[in-house]
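Printed below as a string of structure tokens:
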């Protein structure tokens, strides 16, 4: 129900919270952002139990493992690479987690107890109501610290093979722990994290449910549970998908025009943002500008130790892209229209004189018309789908506010809406 | 700067070594191999041995109708009206539109009357002439001109034929199938293209034959693709003639099993007019065949004449400094196999890099074949016929022809995934319905056990409900129509949810 009722307050939220926040960063280039929201009172959590059901789109098997089902499994892809056109299978994915592991991951994901000062949860920067991102150009960690990159959406991360903008992690588990221990993000450390979780009454019991064969609560279990939850975030029922499966009327005339511009060889969008995931999962150096006062982020140059990849970043999936403004690795562009204009503006036009970047060969000079840019934006809007949004816990085991600080919106389905009778 | 220094060093060393070797290699009797009869290549894809497959189109899905498009009509309107199995005939005349085919088994055929063709004219404003993303597509007999993007392009269509089209001055690529399996491109005339006239990208089992390509930067390019044959084409007056490439940074990382045979490759010396930064912008003007990082490439029976730089140029990524880094790509051109070719007047005005490396072998003058970079297990026959550089590690091939390899096309075509009805129902139920429905309790919509009780085994009634849901329970949200699912999937999912037993219901 809440899903259907909800649009106003998100806009208000952006106006009241993010715009001032963005303005403050733009005006002062400051890293400090005040945290004005107080912690909620503690609640009792003794009744929390883990689900025995897989999330939607997952089938429970005889070994208590959830395995993914989606309509793209009706198709093949060339060499099983999971890239192609409309009726093409998706790339390889992660599944096989238990319902309990996924559900424990969900509780951990929303629980600020994972951060050093209990102020920030994973959901603070990966808010379900904002496409699992946060509406910020550069995300904010504990003590109001602003990072240098934007929080990527987590939708469909089960199909992703390299993680972080610079592709420095190769599994969901490897990725999951990194923000917990980053001083700029959640600021914890292994010892503190384990003792925080052990000191919450419910967690040792819940970990035992999710990992019945292990003696102690440990870091691997935390990583597994967070990976399990992230692997369950499936968004494959957009209007684009309906078109892809053969229903021509799913897109209107302008959106189809947009699709044809998107895949045309003038704009070349689909050469990197390849269906059906809308990414080819490669690194691309495209030469977008950084925000004012920020030096060039070298990106994948560091990961791969090669200046050829200076300023290179992972090609992000465009699924739910309309929900995750602002755009690019550091949020330089406020709207999809601005992004489309960037690509149309000519190869290297935003690269400062004298800077040496080996720009991707598809960065050309398409000179799209204003109408064509609008149609591209129309088309990208058809990639939105949050029909399988996970349930946001009404309370988390620590009793802290499940959607902490900046992350709250009534677009989310909460457990109270969900348990209607 | 760094590169120039390195080359200089190599030259200096080689002059020293070469000086005392010079006397020992003179007058050695060449090994002469006849390419008539003898052993035939047997290392290609398994598809080559059984049938002599000449078509990429399988039998039609259905016996369809023929739709006729006349000048003044829209071709796209006919495509939208067409069903799989239909043929669309386009009468001679001018059509200015982008035609896209997002359905299977459509044959789009121009009618040629006394030399007059159905002509797609992009007027210098439209992006692409024909786009498709369906399987079993035929595009034939069109004239295509003045588009900014591509003449004919696909993204993931299997089993296609692109035949007998004339494509003039259409921007980036004339014919560009991408991410497709099993395709035939033959009898097309393509010219005036700023990248490749015919570009096969990330595809498998492709046959490119009897085409004329000219006045383009690249004639025919096989990129990050496998099991391809390029034969009997007339490739002239391009910057580079025929290319077999691995481009780094693409999601599919290999090119192998490519046969380039019996082509006329002549006078490919026009200035490179590719867009700056594009991969083909690095092709030296005056290259007959270019093999870069591709493996298992056989070059046989071609006539390669009049190229400034070289008749055949083989290199690795290490000698192509403008390319990006891709740790997942093998950068070397291994197992290149050069059989008999007629080569004459190549490398007569080559580029400095080639000339400098040739000097390290004390070679001056014409260059038919130039190879640089590591190349394992490569071979050649009758090398004495050519002016060659860099073939020191090439062995003698133990075969002399590819006669036993007719084509790499797949008999009966690439097959779609076959899904049993129950699995189809399960996929659709889990992927869509389970977002709102659980077996025995209420998520957003009513429980499956309620629905089972209500419909009592009547799958058709569920199908008609999900196509156009009406409000039954006042206190539940409206159900969105599931009319985008095809009829087969709708029935499968209806039957599936009627038959979910309690034990298997926990999604």
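Protein chains in written order, with the working numbering: chain S, 25 to 445; chain Z, 1260 to 1766.
Positions of the beta carbon are idealized from the N, C-alpha and C atoms, including for glycine.
Nothing here was measured: the structure is a model prediction, and the numbers come from that model.
I think residue i touches residue j, with their Cβ atoms under 8 Å apart; what is that distance to the nearest whole Å?
i: residue 1548 of chain Z; j: residue 1563 of chain Z; result: 7 Å
i: residue 90 of chain S; j: residue 119 of chain S; result: 6 Å
i: residue 1347 of chain Z; j: residue 1336 of chain Z; result: Not really, about 10 Å apart at Cβ, beyond 8 Å.
i: residue 1212 of chain Z; j: residue 82 of chain S; result: Limits of chain Z in this structure are 1260 at one end and 1766 at the other, which puts residue 1212 of chain Z out of reach.
i: residue 171 of chain S; j: residue 162 of chain S; result: 5 Å
i: residue 370 of chain S; j: residue 396 of chain S; result: Actually they are not in contact, since the Cβ atoms of residue 370 of chain S and residue 396 of chain S sit about 15 Å apart, beyond 8 Å.
i: residue 1254 of chain Z; j: residue 1467 of chain Z; result: Outside the displayed span of chain Z (1260 to 1766) sits residue 1254 of chain Z, for which this structure offers no information.
i: residue 116 of chain S; j: residue 99 of chain S; result: That pair is no contact at about 14 Å.
i: residue 1597 of chain Z; j: residue 1639 of chain Z; result: 4 Å
i: residue 156 of chain S; j: residue 174 of chain S; result: Going by Cβ atoms, the distance from residue 156 of chain S to residue 174 of chain S rounds to 12 Å, so no, they are not a contact pair.
i: residue 1707 of chain Z; j: residue 1720 of chain Z; result: Not confirmed; about 15 Å, so no contact.
Going by the beta-carbon positions, is the gap between residue i and residue j smaller than 7 Å?
i: residue 1415 of chain Z; j: residue 108 of chain S; result: yes
i: residue 312 of chain S; j: residue 352 of chain S; result: yes
i: residue 339 of chain S; j: residue 293 of chain S; result: no
i: residue 408 of chain S; j: residue 344 of chain S; result: yes
i: residue 1474 of chain Z; j: residue 1499 of chain Z; result: no
i: residue 1360 of chain Z; j: residue 1334 of chain Z; result: no
i: residue 1399 of chain Z; j: residue 1432 of chain Z; result: no
i: residue 323 of chain S; j: residue 190 of chain S; result: yes
i: residue 1362 of chain Z; j: residue 1386 of chain Z; result: no
i: residue 1535 of chain Z; j: residue 1582 of chain Z; result: no
i: residue 1631 of chain Z; j: residue 1565 of chain Z; result: no
i: residue 282 of chain S; j: residue 400 of chain S; result: yes
i: residue 1552 of chain Z; j: residue 1629 of chain Z; result: no
i: residue 1389 of chain Z; j: residue 1411 of chain Z; result: yes
i: residue 269 of chain S; j: residue 138 of chain S; result: no
i: residue 75 of chain S; j: residue 123 of chain S; result: yes
i: residue 1683 of chain Z; j: residue 1740 of chain Z; result: no
i: residue 1472 of chain Z; j: residue 1494 of chain Z; result: yes
i: residue 1594 of chain Z; j: residue 1625 of chain Z; result: no
i: residue 1364 of chain Z; j: residue 1319 of chain Z; result: yes
For the candidate residues the options, whose alpha-carbon lies nearest to that of residue i?
i: residue 133 of chain S; options: S:100, S:235, S:257 and S:219; result: S:257
i: residue 243 of chain S; options: S:156, S:229 and S:217; result: S:217
i: residue 1443 of chain Z; options: Z:1487, Z:1429 and Z:1406; result: Z:1487
i: residue 1545 of chain Z; options: Z:1672, Z:1536, Z:1476 and Z:1554; result: Z:1476
i: residue 1464 of chain Z; options: Z:1481, Z:1694 and Z:1441; result: Z:1441
i: residue 241 of chain S; options: S:247, S:231 and S:250; result: S:231
i: residue 1350 of chain Z; options: Z:1302, Z:1301, Z:1320 and Z:1401; result: Z:1401
i: residue 203 of chain S; options: S:222, S:235, S:165 and S:272; result: S:165
i: residue 235 of chain S; options: S:142, S:335 and S:247; result: S:247
i: residue 79 of chain S; options: S:87, S:196, S:93 and S:72; result: S:93
i: residue 1419 of chain Z; options: Z:1327, Z:1316 and Z:1516; result: Z:1316
i: residue 1294 of chain Z; options: Z:1559, Z:1301 and Z:1585; result: Z:1559
i: residue 140 of chain S; options: S:394, S:378, S:285 and S:209; result: S:209
i: residue 301 of chain S; options: S:126, S:111, S:103 and S:357; result: S:111
i: residue 225 of chain S; options: S:251, S:73 and S:386; result: S:73
i: residue 1242 of chain Z; options: Z:1679, Z:1445, Z:1614 and Z:1663; result: This structure cannot speak to residue 1242 of chain Z, because chain Z is shown only from 1260 to 1766.
i: residue 1635 of chain Z; options: Z:1647, Z:1642 and Z:1652; result: Z:1652
Sorted by chain position, which residues of the same chain lie with C-beta nearer than 6 Å to residue i's C-beta, five sequence neighbours on each side aside?
i: residue 1749 of chain Z; result: 1722
i: residue 1746 of chain Z; result: none
i: residue 1567 of chain Z; result: 1528, 1545 and 1608
i: residue 1205 of chain Z; result: Given a span of 1260 to 1766 for chain Z in the structure shown, any question on residue 1205 of chain Z remains unanswerable.
Identify, in the order they occur along the chain, each residue of the same chain with its Cβ nearer than 7 Å to the Cβ of residue i, setting aside the five sequence neighbours on each side.
i: residue 1298 of chain Z; result: 1657, 1658 and 1659
i: residue 411 of chain S; result: 261
i: residue 391 of chain S; result: 368
With a CB to CB cut of under 8 Å and the five nearest residues on each side skipped, what residues in its chain are close to residue i?
i: residue 426 of chain S; result: 134, 135, 145, 147, 416, 417, 418, 419 and 420
i: residue 67 of chain S; result: Note that residue 67 of chain S scores 44 on pLDDT, short of 50, meaning its location in the model is unreliable; the coordinates nonetheless yield the value given after this. Cβ neighbours of residue 67 of chain S beyond the five flanking positions: 419 and 423.
i: residue 1483 of chain Z; result: 1460, 1461, 1504, 1505, 1506, 1509, 1511, 1512, 1513 and 1514
i: residue 1542 of chain Z; result: 1476, 1477, 1498, 1499, 1502, 1531, 1533 and 1549
i: residue 1281 of chain Z; result: Summary for residue 1281 of chain Z: the model assigns pLDDT 43, below 50, so the residue's position carries little reliability; its value from the coordinates is reported in the next sentence. Excluding positions up to five away in sequence, the list reads 1621.
i: residue 381 of chain S; result: 309, 311, 334, 335, 372 and 375
Could you pull out every unbroken alpha helix (DSSP H) segment of at least 4 residues lying fully inside the region 146-172 of chain S, listed in chain order?
146-149
Taking only runs of the alpha helix (DSSP H) that begin and end inside the region 159-240 of chain S, which ones reach a length of at least 4 residues, in chain order?
196-205, 214-223 and 226-234
Identify every run of the alpha helix (DSSP H) within the region 1657-1698 of chain Z, keeping only runs that are complete inside it and at least 4 residues long; order them along the chain.
1680-1690
Taking only runs that begin and end inside the region 297-349 of chain S, name each unbroken alpha helix (DSSP H) of 4 or more residues, in chain order.
324-328
Just to confirm the assignment: which complete beta strand (DSSP E) runs, minimum length 3, are found wholly within the region 1694-1740 of chain Z?
none
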